[in-house]
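Undergrad:
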Amino acid sequence: MPTTRRKQNATSTRSQSTLSFNNKSARITKPSVHDTTATSKKAQSKSSEPQQIEVEDTPAADTVEIEPQEQPPADRQDEQEQETISIPVQPTPRKKKAAKPSTKSSSRIHQQSVPLHEKILRHFDLSSQYGPCIGITRLSRWRRADTLGLDPPVEVLAVLLREEDKKMSQGCGKIAYIDELGGGRVGIVE
Amino acid sequence: MADQDVDALLQAPSNDEYPTIDRIPSSYNPLHSFDLAKGDQKHYQQQYGDMYFLRLAKLKPAVEEIAAEAWGEIETAGESIRRVDRVLDVRQGELCWVAGTIYMDMPLKPNILDDISKDHWISAPPPREKYISPSGQDQIMLEDESGRLRLIGTPLQISTVVTGCIMAVMGTENANGDFEIIDMKVPDLPRQPQRWERDEASAVLANGNGKSSKKEQKERREGSKVAIVSGLGISGDEGDTLTLDLLMEYLLGEACGQSTQQEIGNISRLIIAGNSISEGTPLYSRDELSDKKTSKKYGYDSAAYNPAPTQRLDDFLATLLPSIPITMLPGEGDPANISLPQQPIHPAMFPRSRNYSPMPGSTEPGWFDSVTNPWEGDIEGWRMMGNGGQPIDDVFKYVEGEERLNMMENLLRWRCGAPTAPDTLWCYPFQDKDQFVIEECPHVYFVGSQPTFETTVIEGPTGQTVRLIAVPKFKETGEMVLLDIDTLEVESVIFKVFNDS
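Those protein sequence lines, which keep their order, are chains A and B.
Take the first sequence: its letters are residues 201 to 390, numbered as in our numbering.
Take the second sequence: its letters are residues 47 to 547, numbered as in our numbering.
(1) Could you check how far apart the C-beta atoms of residue 511 of chain B and residue 503 of chain B are, in whole angstroms? I think they sit under 8 Å.
(2) Can the beta-carbon of residue 360 of chain A be found closer than 9 Å to that of residue 339 of chain A?
(3) Can you give the Cα-Cα distance for residue 273 of chain B and residue 297 of chain B, rounded to whole angstroms?
(4) Can you name the residues of chain B whose CB is closer than 7 Å to the CB of residue 331 of chain A?
(5) Is residue 396 of chain B helix, strand or coil when you go by DSSP?
(6) On the three-pair Cβ rule with 8 Å, is the region 147 to 159 of chain B touching the region 202 to 220 of chain B?
(7) Does residue 357 of chain A have its Cβ less than 9 Å from a Cβ in chain B?
(8) In this structure, does DSSP put residue 85 of chain B in helix, strand or coil?
(9) How would you call residue 365 of chain A, buried or exposed, if buried means at least 16 neighbouring beta carbons within 10 angstroms?
(10) Within the 9 Å Cβ cut-off, does residue 338 of chain A reach chain B?
(11) Grab the span of the beta strand (DSSP E) containing residue 374 of chain A for me, first residue to last.
(12) Which residues does DSSP pair with residue 138 of chain B in a beta bridge?
(13) Starting from the Cα of residue 280 of chain B, find the closest Cα among B:186, B:447, B:521 and give me that residue.
(14) Does DSSP classify residue 326 of chain A as helix, strand or coil?
(15) Please name the residues in the region 342 to 357 of chain A whose beta-carbon is closer than 9 Å to at least one beta-carbon of chain B, in chain order.
(16) Should residue 443 of chain B go down as buried or exposed, given a rule of 16 or more other Cβ atoms within 10 Å for buried?
(17) Could you give the distance in angstroms between the alpha-carbon of residue 490 of chain B and the alpha-carbon of residue 409 of chain B?
(18) Could you tell me the distance, in whole angstroms, from the CA atom of residue 373 of chain B to the CA atom of residue 417 of chain B?
(19) Find the nearest neighbour of residue 88 of chain B within the set B:142, B:493, B:477, B:531, judged by alpha-carbon distance.
(20) When you compare only the Cα positions, how much space is there between residue 523 of chain B and residue 313 of chain B?
(21) For the ligand GDP, any of its heavy atoms closer than 8 Å to the Cβ of residue 276 of chain B?
(22) Against chain B, does residue 265 of chain A count as a neighbour if the rule is that its beta carbon must be under 9 Å from one of theirs?
(23) Return helix, strand or coil for residue 164 of chain B, following the three-state DSSP convention.
(24) With distances taken Cα to Cα, identify the nearest neighbour of residue 191 of chain B among B:131, B:357, B:288.
(25) Can you check whether the CB of residue 278 of chain B is closer than 9 Å to the CB of residue 323 of chain B?
(26) Can you check whether the C-beta of residue 334 of chain A is within less than 9 Å of a C-beta belonging to chain B?
(27) Quick check for students: name the residue ranges of the beta strand (DSSP E) that lie wholly in the region 192 to 240 of chain B, counting only runs of 3 or more.
(28) Out of B:292, B:381, B:422, B:118, which one is the CA nearest neighbour of residue 317 of chain B?
(29) Check the Cβ of residue 478 of chain B against every Cβ in chain A and list those closer than 7 Å, keeping chain order.
(30) At a CB-CB cut-off below 7 Å, which residues of chain B make contact with residue 385 of chain A?
(31) Please classify residue 474 of chain B: is it buried, with 16 or more other beta-carbons within 10 angstroms of its beta-carbon, or exposed?
(32) In chain B, what lies closer than 8 Å to residue 328 of chain A by C-beta?
(33) So what does residue 418 of chain B bridge to, in DSSP terms?
(34) Under the DSSP definition of a beta bridge, which residues are partnered with residue 483 of chain B?
(35) Considering only residues of the same chain and omitting the five flanking positions on each side of residue 289 of chain B, which have a CB-CB separation below 7 Å?
(36) So with Cβ pairs under 9 Å, would you call residue 241 of chain A a contact of chain B?
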């Protein structure tokens, strides 16, 4: 049933467009050659511009502070309501809601209770260029992708290592979300 | 030279002093690439899909480099050939190239549904020799993490492809959605290390200076040979082990005359490439097992257990071991695990031979080295790689024809030791590294338990040369292979018994 609720967030800079079925996202044909946004495989392309990533979160979310030794860039600004993480490292990862302004017509209501860390990790899970996410813990998958030279985003490692720390943890799972749903029982012991 | 010996054996005993013949020592440095963790550390919860991902991640850069070099500058009708990232990104009518894993969809491959049908009907159909369907129902597809693409075209009929090998294909998509291939490229042989490279590297690390010590270089004797045998097929029942005893006496230097014994003294090592034990007791099918009433006492069924084959093998090895070092690979019929890589046969099977094994916990390989299947290591500086025959036998089922050497060459050129591994060949679910990917080109590649003895030399793009040896089953042919270390030439010694009838 199409949703008719309007977004309450006053600080949103994008006006809410009406639902349309002529959208690019509704097409089921193969993506065209010049479509550089949608496929996650393209995430490996070497774009060096900093990507503005808008992550919408509830106003009560904690600010995301990454330890200085985890991440190479030191300039990370955290804002309260609308958090913008500017990542001037390359290759820049496409975080989930980045670069899809044209296809997004409404907020993801079902994901509003999902913490920020978990959203980042879920996006990492579904990036197929790092291999299947089922049957392996997220941290091992990151390390494996790193060993193979696939350049996984270091921010995901930052999130994973913070999850290990009980104080900063936002309660994300050790294994992929879809694996958990499927009854995954991957041994956590390394 | 054997002619002189014929007269020597038919003489009366003489009082001449014969000099003792010494065996040349063997310089041996095995690799432990296929050792798996033991006990609790070995997990089976991984998915097999990881293995395909690892193989593709490792080999895709290599094959893309070769493909870019070959096709990068070609211009046909004013159009250059574009490289495509994912298999699904090919466009109709556009000439492009893409790399991925081959998957062969064959209806005659073993199917889990056959097992289920066995429950309902009388019995499953007998195992097939080849999976190729005669009516051309097989489909060859190129696969990567995005999807699959059906391949057609003449290069497929010329070159052999098998599920699991990584390839780059160039062509265009036609109206049906099939990809018509014009050309294809394989990763080809990897870098080949120099002879003695590993030993010198470890010597440099140990000594801390630039040159390996002269003492070690003196120890490298010339003129040694390595004997390779496979498929001994020892079963406790048979009385006819005459050929086996002949082999034993030959290797010990007890057979023939002085001149042959001098030559035998050059054999520095024996490699047993699998299938030392044949199936002594029949394997019961599931239906027969439920009917039998087995009494299990002390953990094993004493009526069915037959210790004779392993005892006989242990006697054979213990007789040879004081004289010659042995490297033993397990095979399909041996008491080791079924899935590749087969772990070394446990020393508990060899109560007498294990005196020659290293102490548990030591890192030096012992005189009797029970190793994994497949196996790779350095003998006299040459990198040798071998297996008990299962990968080649499985590849045989996918391709037409009987050319085993061709399949072995293809295995090396695909850089994959067991390309059919998770598909139809049982293997351990590797998650961190696909151990079957061949990273360094061996100098000698031997495969055991093949139908006939065959050998050839293949060459690689950067000057690599590999000696391929297909070792036949000793039980059937009585042949043993002798590899000359200096020239890498191969000869075979045949043991036969004259039939009276």
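The beta carbon of each residue, even a glycine, is placed where N, CA and C say it ideally should be.
TA: Inspection of the coordinates gives the following:
(1) Here residue 511 of chain B corresponds to residue number 465 of the second sequence, with the count starting at 1. Here residue 503 of chain B corresponds to residue number 457 of the second sequence, with the count starting at 1. Confirmed, about 6 Å.
(2) Position 160 of the first sequence, counting from 1, holds the residue named residue 360 of chain A. Position 139 of the first sequence, counting from 1, holds the residue named residue 339 of chain A. It is a contact, given that the beta carbons lie within the stated cut-off.
(3) Sequence index remark: in the second sequence, residue 273 of chain B carries index 227 (1-based). Sequence index remark: in the second sequence, residue 297 of chain B carries index 251 (1-based). For the pair residue 273 of chain B and residue 297 of chain B, the Cα-to-Cα distance works out to about 9 Å.
(4) Position 131 of the first sequence, counted from the first residue, corresponds to residue 331 of chain A. Simply 96, 99.
(5) By 1-based counting over the second sequence, the position of residue 396 of chain B is 350. DSSP places residue 396 of chain B outside both helix and strand once states are collapsed to three, so it counts as coil.
(6) With a cut-off of 8 Å, the region 202 to 220 of chain B and the region 147 to 159 of chain B count as touching, because enough Cβ pairs lie within range.
(7) Stepping through the first sequence from its first residue, residue 357 of chain A is reached at position 157. At a cut-off of 9 Å between C-beta atoms, residue 357 of chain A does not count as an interface residue with respect to chain B.
(8) The count along the second sequence starts at 1 and reaches residue 85 of chain B at position 39. If DSSP states are grouped into helix, strand and coil, residue 85 of chain B belongs with the helices.
(9) Here the question's residue 365 of chain A lines up with position 165 in the first sequence. Exposed: under 16 other Cβ atoms inside 10 Å.
(10) The count along the first sequence starts at 1 and reaches residue 338 of chain A at position 138. It does not; no Cβ of chain B falls within 9 Å.
(11) Reading the first sequence from its first residue, position 174 is the one you call residue 374 of chain A. Element bounds for residue 374 of chain A: n/a, residue is neither H nor E.
(12) Counting from one through the second sequence, the residue named residue 138 of chain B turns up at place 92. Beta-bridge pairing links residue 138 of chain B to B:219.
(13) Numbered from its first residue, the second sequence carries residue 280 of chain B at position 234. That would be B:521, whose Cα lies nearest to the Cα of residue 280 of chain B.
(14) Numbered from its first residue, the first sequence carries residue 326 of chain A at position 126. Coil at residue 326 of chain A, not helix or strand.
(15) Taking a C-beta cut-off of 9 Å against chain B, the contacting residues of the region 342 to 357 of chain A are 343, 344, 345, 347, 348, 349, 350, listed in chain order.
(16) Sequence index remark: in the second sequence, residue 443 of chain B carries index 397 (1-based). In the assembly as shown, residue 443 of chain B is a buried residue. Its beta-carbon has 16 or more other beta-carbons within 10 Å.
(17) Position 444 of the second sequence, counted from the first residue, corresponds to residue 490 of chain B. Position 363 of the second sequence, counted from the first residue, corresponds to residue 409 of chain B. In a straight line, the C-alpha of residue 490 of chain B is about 24 Å away from that of residue 409 of chain B.
(18) Counting from one through the second sequence, the residue named residue 373 of chain B turns up at place 327. Counting from one through the second sequence, the residue named residue 417 of chain B turns up at place 371. Whole-angstrom Cα-Cα distance: 7 Å.
(19) For the purposes of this step, residue 88 of chain B is taken as residue 42 along the second sequence, with counting starting at 1. If you compare the alpha carbons of B:142, B:493, B:477, B:531 with that of residue 88 of chain B, the shortest gap goes to B:477.
(20) By one-based count along the second sequence, residue 523 of chain B stands at place 477. By one-based count along the second sequence, residue 313 of chain B stands at place 267. Distance between the alpha carbons of residue 523 of chain B and residue 313 of chain B: 21 Å.
(21) In the structure shown, the ligand GDP is absent, as is every other ligand, since no ligand is present at all.
(22) Here residue 265 of chain A refers to the residue found at position 65 when the first sequence is read from its first residue. For residue 265 of chain A, the predicted model reports a pLDDT of 40, less than 50, meaning its position is unreliable; a value from the coordinates is still stated below. Residue 265 of chain A does not count as touching chain B.
(23) As a first step, residue 164 of chain B must be located in the second sequence, where it is residue number 118. Assigned with DSSP and collapsed to three states, residue 164 of chain B falls in helix.
(24) Here residue 191 of chain B corresponds to residue number 145 of the second sequence, with the count starting at 1. The shortest CA-to-CA distance from residue 191 of chain B to any of B:131, B:357, B:288 is the one to B:131.
(25) The residue given as residue 323 of chain B occupies position 277 in the second sequence. The residue given as residue 278 of chain B occupies position 232 in the second sequence. At a Cβ-Cβ threshold of 9 Å, residue 323 of chain B and residue 278 of chain B count as neighbours.
(26) Along the first sequence, one-based indexing puts residue 334 of chain A at 134. Chain B contact via Cβ: present.
(27) For the region 192 to 240 of chain B, whole beta strand (DSSP E) runs of length 3 or above, ordered along the chain, are 194 to 198, 212 to 219, 225 to 231.
(28) Working through the second sequence from its first residue, we reach residue 317 of chain B at position 271. Its Cα nearest to that of residue 317 of chain B, the residue B:422 stands out among B:292, B:381, B:422, B:118.
(29) Within the second sequence, the letter at position 432 stands for residue 478 of chain B. Going along chain A in sequence order, the residues near residue 478 of chain B (Cβ under 7 Å) are 344.
(30) Against the first sequence, residue 385 of chain A aligns to sequence position 185. In chain order: 91.
(31) Here residue 474 of chain B is taken as the residue at index 428 of the second sequence, counted from 1. Burial call: buried.
(32) Here residue 328 of chain A corresponds to residue number 128 of the first sequence, with the count starting at 1. Residue 328 of chain A reaches chain B at 191, 192, counting residues in chain order whose Cβ is nearer than 8 Å.
(33) One-based indexing of the second sequence puts residue 418 of chain B at position 372. Beta-bridge annotation (DSSP): residue 418 of chain B is not paired with any residue.
(34) Stepping through the second sequence from its first residue, residue 483 of chain B is reached at position 437. Residue pairing by DSSP places residue 483 of chain B opposite B:462 in a beta bridge.
(35) Here residue 289 of chain B refers to the residue found at position 243 of the second sequence. So the qualifying residues of the chain are 524, 541, 543.
(36) Your numbering for residue 241 of chain A matches position 41 in the first sequence. Caution is warranted here: a pLDDT of 40 is assigned to residue 241 of chain A, below 50, making its placement in the model unreliable, and no coordinate value can be reported.
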